[in-house]
Amino acid sequence: MLYRTDSLSPVPSLSFILFHMRVFFDCIIIVALHIYFNQTKPFEFLTWELGYIFNPKYYGNGYATEACRRILQYGFEVLKVHRVIAMCNPENNSSWELLERLLMRREGHHMKKAFFHKNNEGQPIWHDAYQYAILAEEWISKGQ
7 MLYRTDSLSP VPSLSFILFH MRVFFDCIII VALHIYFNQT KPFEFLTWEL
57 GYIFNPKYYG NGYATEACRR ILQYGFEVLK VHRVIAMCNP ENNSSWELLE
107 RLLMRREGHH MKKAFFHKNN EGQPIWHDAY QYAILAEEWI SKGQ
């Protein structure tokens, strides 16, 4: 039997929310995803960044779309966020397709934006990034 629980967990800073979704198979708990929603500086701009890590075993079930949509709704309706941004690797089709399902628009392609590992010679292995965004008025006008 499959069960699902959701929780919004604020941490000491009011500018950061971590969302967990646990999937229950009988008595076994499996964490399916982690989502972070973090306010960026300057705080006066009311811009937050959406990010996520998903367990590949649960791809294709709609969990990511549902959870991210709820986070955006909470941001725009409760926190009165002005703008939400998200970054993803252009090679990760599932990630940018998720952002487009959330009706976010691609604003840029950043070349060699970040690295997470180095090669055997100690040189960074650079990765590109797409940047996506959505404004509060876009969210509302699209009937989300």
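Using my numbering, the letters of the sequence shown map in sequence onto residues 7 to 150. All C-beta atoms in this analysis are idealised placements derived from N, C-alpha and C, irrespective of residue type, glycine included.
Can you tell me which of the three DSSP states residue i falls into?
i	result
Glu113	strand
Pro130	strand
Leu141	strand
Taking the beta carbon of residue i as the centre, do at least 16 other beta carbons fall within 10 Å, making it buried, or is it exposed?
i	result
Tyr229	Outside the shown range of the chain (7 to 150) lies residue 229, about which nothing can therefore be said.
Arg89	buried
Would you say residue i faces chain D, with C-beta separation under 7 Å as the test?
i	result
Glu50	No chain D appears in this structure, which consists of one protein chain only.
Would you tell me roughly how many angstroms separate the C-alpha atoms of residue i and residue j, rounded to the nearest one?
i	j	result
Asn67	Leu39	12 Å
Lys118	Pro96	11 Å
Asp134	Arg107	21 Å
Gln4	Gly128	Limits of the chain in this structure are 7 at one end and 150 at the other, which puts residue 4 out of reach.
Tyr64	Asn126	33 Å
Kindly indicate the opening and closing residues of the beta strand (DSSP E) around residue i.
i	result
Val90	Arg89 to Cys94
Considering residue i, what are the terminal residues of the alpha helix (DSSP H) in which it resides?
i	result
Glu97	Where Glu97 is concerned, there is no enclosing alpha helix (DSSP H), given that its DSSP letter is neither H nor E.
Those runs of the beta strand (DSSP E) which lie wholly inside the region 30–85 and span at least 3 residues: 34–45 and 53–60
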